[in-house]
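Input: a single structure, listed below in C-alpha cells.
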Amino acid sequence: MRFIAILLLFLLPVGAAWAQGDIHRCTGANGVPVFTDRICSDVNATPVMPAPSSSAQAPVELSQPPPVLCAADMAHLKQAVIDAFAARNPNRLAGLMLWGDDGEQAVVADIRVLGRLMAHPLIDVKVVPADDPPTPSTSALPSPKTGQGEALLVQTESDDGSGATQETRFEVLHQSGCLWLQLQN
C-alpha cells in the first residue's frame with residue numbers, strides 16, 4: 065500500500081502536466097511575456113510564435129536527397145554513390161560500405177581514402193563484372209576478389225591535373241536484403 069502511495073505521488077505531477085495541454089507563449093499588451101494554457105487572444109495577448117497548424121505542411125524541399133540506408137538494387141546503389149559525391153561527403157559513402165570485422169584504425173584509414181577519392185570530381189559510376197580486372201596504373205584502391213558477381217567502377221579525375229581518369233573499384237555484396245560496397249585491404 066505504501067508503494068502505491070509513493071508511486072501516485074510521483075505520477076501526480078506527470079498527470080497534471082499531461083492534462084494541462086499545450087503552453088502558449090504570448091506577449092501582453094504592455095510587452096510583458098505571458099505563458100498560458102489558453103489561446104493568446106483569450107488573454108488579450110499576441111502569440112510570440114505562430115500556432116502549429118493542424119493541417120499537414122508541404123514537405124520542405126531539400127538541397128540534397130536523403131542518404132540511402134539500404135540499397136535495394138544496383139540502380140539505387142549507383143545513385144547513392146553519385147549522391148555522396150554530389151554532397152562531397154565521405155561519411156555518406158562510408159554508410160554504403162559493409163565494414164565487417166574492420167578495426168577502428170582500418171575504418172578511419174578507409175574513410176580517409178574515401179575523402180581523398182571524393183576530393184576529385186566524379187566522372188562516372190559504372191556497374192562492371194567483378195571478374196573484370198581494373199587497369200593497374202589507374203586503380204586507387206585494391207581490386208575486389210574475382211568471381212563475386214558485380215562491382216562498381218568509380219571514375220574520377222586523376223591527381224596529376226592532366227584530365228585523365230582514375231578508376232576505383234568497389235566489390236558489391238548482397239547481405240540482409242541490401243547491396244553493400246566493400247573495400248579490399
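Going by my numbering, the sequence shown wraps up at 249, each residue one higher than the last. Glycine is no exception: its CB is placed at the ideal position from the N, C-alpha and C atoms.
Buried/exposed call for residue i, threshold 16 Cβ in 10 Å
i: phenylalanine 149; result: buried
i: methionine 138; result: exposed
i: valine 145; result: buried
i: arginine 152; result: exposed
i: glutamine 239; result: exposed
Residues near residue i by beta carbon distance below 6 Å, same chain, minus five either side
i: glutamine 246; result: Leu162, Glu235, Leu237
i: tryptophan 244; result: Leu162, Leu237
i: glutamine 219; result: Ile187, Asp188, Thr229, Glu231
i: proline 154; result: Ile175, Leu178, Gly179, Met182
i: glycine 92; result: Val98, Ala109
i: valine 192; result: Ala215, Leu217
i: valine 172; result: none
Check: residue i C-beta below 7 Å from any heavy atom of the ligand FAD
i: leucine 133; result: Absence of the ligand FAD from the depicted structure is noted, as is the absence of any ligand whatsoever, leaving it without description.
7 Å CB neighbourhood of residue i in its chain, flanking five on each side removed
i: histidine 140; result: Val132
i: cysteine 104; result: His88, Cys90, Thr110, Pro111
i: alanine 158; result: Ile175, Leu178
i: serine 226; result: none
Option nearest residue i by Cα separation, candidates the options
i: aspartate 223; options: Pro97, Arg180, Asn155; result: Arg180
i: leucine 160; options: Pro97, Pro130, Val107, Glu168; result: Pro130
i: aspartate 101; options: Ser226, Gly92, Asn94, Asp86; result: Asp86
i: aspartate 147; options: Val172, Pro185, Arg233; result: Pro185
Beta-carbon proximity check, residue i vs residue j, cutoff 8 Å
i: lysine 142; j: valine 177; result: no
i: alanine 194; j: glutamate 214; result: yes
i: valine 107; j: valine 98; result: yes
Beta-carbon contacts of residue i that lie in its chain and below 8 Å, excluding the five residues immediately before and after
i: glycine 241; result: Cys134, Ala136
i: glutamate 125; result: Only weak support exists for where glutamate 125 lies, its pLDDT of 45 falling under 50; the value from the coordinates is given anyway. So no residue of the chain qualifies.
DSSP-derived helix/strand/coil call for residue i
i: histidine 140; result: helix
i: cysteine 134; result: coil
i: alanine 187; result: Reading off the sequence shown, one finds isoleucine at residue 187, where the question assumed alanine. Of the three classes helix, strand and coil, the one that applies to isoleucine 187 here is strand, per DSSP.
i: alanine 158; result: helix
i: valine 98; result: strand
i: arginine 89; result: strand
i: alanine 194; result: coil
i: alanine 329; result: Any question about residue 329 goes unanswered here, given that the chain covers just 65 to 249.
i: leucine 178; result: helix
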